[in-house]
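First up is the structure itself, then whatever we jot down about it.
In mature numbering (1 follows the signal peptide of the UniProt record, and there is no 0), the protein residues as written are -25 to -1, 1 to 303.
Encoded structure:
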């Protein structure tokens, strides 16, 4: 009888485990895609792979992200010199925030209420107070800043300068530029790896991603890309995202019409996936299985199975998809 009861308990436990494994997600994830030519945001149901809505927003939307609390969608209306806060459920405008001239990429602070915004037209980075809805402070950086990211420890804010081929290291305690690090040609995007000991920098015109050591503020490795059949001049890295486990990086390669799948521990390219025309930026689903890629020149979004390195769906978006943010 004891063995029989043990078998029943094991079977019951297996049933519970199977049920947990197969249970659907509690909430469907939405992808929000900024379309810079049509001045819209396309809303996609990630689980269904269908377009829910296309919202009109400010002129030339580029940077897009959720606030840390998930209560608002942030959209950089570059041509309006503003960052819009919108209701992620309905698209309704909650506020138009002053952002400095021509906001492009931005980064919500890990703690507190600041949004760090790169101002391409006036060589500055602007910190916006999201609660007070006003500019908190501004720091001058190199010409044509675009990529911006805060270190996970909250100490540094890094900003790329496309024109000067540098990255400014801003000490957030003093709000001063502590270092201007030289990079390959035309740095466009910054992404901190893991806990923040390393940072990846996409250099568009050089066709490379450079990896810098945060402790020394110096480049320690450069990754080059060579998608099959693609001329080197078309390889133009921009967006970078890491899977949640930190083991894989996905790099959008611009006019190479491909993304690269990079093994983070070895810094080697596992392979390439051909997506739509001129992939610009992307997001990775919370389970780490899929990349959602904005194809700027084909007005589409590609869903990519990362493990299989295959496109599983192509979804029509607005004109000139630029960035992707995920929410619920």
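Virtual Cβ for every residue (Gly too), placed ideally from N, Cα, C.
From a predicted model like this one, the values you see are computed outputs, not experimental measurements.
Ordered along the chain, which non-local residues of its own chain (more than five positions away) have a Cβ less than 8 Å from that of residue i?
{"i": "residue 281", "result": "218, 223, 225, 236, 259, 263, 264, 265, 266"}
{"i": "residue 261", "result": "4, 219, 301"}
{"i": "residue 98", "result": "115, 116, 117, 118, 119, 120, 136"}
{"i": "residue 221", "result": "168, 169, 239"}
{"i": "residue 174", "result": "124, 126, 133, 165, 166, 167, 168, 186, 187, 189"}
For residue i, which of helix, strand or coil comes out of DSSP?
{"i": "residue 229", "result": "helix"}
{"i": "residue 335", "result": "The shown model of the chain, from -25 to 303, leaves out residue 335, and the question about it has no answer."}
{"i": "residue 192", "result": "coil"}
{"i": "residue 209", "result": "helix"}
{"i": "residue 249", "result": "strand"}
{"i": "residue 172", "result": "coil"}
{"i": "residue 302", "result": "strand"}
{"i": "residue 7", "result": "strand"}
{"i": "residue 177", "result": "strand"}
{"i": "residue 118", "result": "coil"}
{"i": "residue 216", "result": "strand"}
{"i": "residue 72", "result": "strand"}
{"i": "residue 203", "result": "coil"}
{"i": "residue 45", "result": "coil"}
{"i": "residue 65", "result": "coil"}
{"i": "residue 292", "result": "coil"}
{"i": "residue 187", "result": "strand"}
Please go through the same chain and pick out, in chain order, the residues whose beta-carbon is closer than 6 Å to the beta-carbon of residue i, but skip the five residues on each side of it.
{"i": "residue 245", "result": "236, 238"}
{"i": "residue 82", "result": "91, 123, 124, 125"}
{"i": "residue 231", "result": "202, 205, 209, 210"}
{"i": "residue 73", "result": "110"}
{"i": "residue 272", "result": "252, 253"}
{"i": "residue 153", "result": "144, 146"}
{"i": "residue 27", "result": "18, 20"}
Give me the DSSP bridge partner(s) of residue i.
{"i": "residue 238", "result": "223, 243"}
{"i": "residue 124", "result": "133"}
{"i": "residue 101", "result": "92, 113"}
{"i": "residue 266", "result": "259, 279"}
{"i": "residue 30", "result": "16"}
{"i": "residue 157", "result": "141"}
{"i": "residue 146", "result": "131, 151"}
{"i": "residue 25", "result": "20"}
{"i": "residue 285", "result": "280"}
{"i": "residue 40", "result": "49"}
Within 10 angstroms of the Cβ of residue i, are there 16 or more other Cβ atoms? Answer buried if so, exposed if not.
{"i": "residue 148", "result": "exposed"}
{"i": "residue 44", "result": "exposed"}
{"i": "residue 112", "result": "exposed"}
{"i": "residue 137", "result": "buried"}
{"i": "residue 52", "result": "buried"}
{"i": "residue 188", "result": "exposed"}
{"i": "residue -5", "result": "Summary for residue -5: the model assigns pLDDT 28, below 50, so the residue's position carries little reliability; its value from the coordinates is reported in the next sentence. Label assigned to residue -5: exposed."}
{"i": "residue 196", "result": "exposed"}
{"i": "residue 159", "result": "buried"}
{"i": "residue 47", "result": "buried"}
{"i": "residue 172", "result": "exposed"}
Leaving out five residues before and five after residue i in sequence, what residues of the same chain have Cβ atoms less than 7 Å from its Cβ?
{"i": "residue 256", "result": "213, 214, 227, 269, 297, 298, 299"}
{"i": "residue 249", "result": "232, 233"}
{"i": "residue 170", "result": "127"}
{"i": "residue 199", "result": "182, 183"}
{"i": "residue 76", "result": "56, 94, 96, 97"}
Is the stretch 17 to 24 close to the stretch 32 to 40, with three or more CB pairs under 8 Å?
The stretch 17 to 24 vs the stretch 32 to 40: no contact.
Decide yes or no for the touch test of the stretch 83 to 90 against the stretch 61 to 68: beta carbon pairs closer than 8 Å, at least 3 of them.
Two segments are said to touch when three or more pairs of C-beta atoms, one from each, lie closer than 8 Å; by this definition the stretch 83 to 90 does not touch the stretch 61 to 68.
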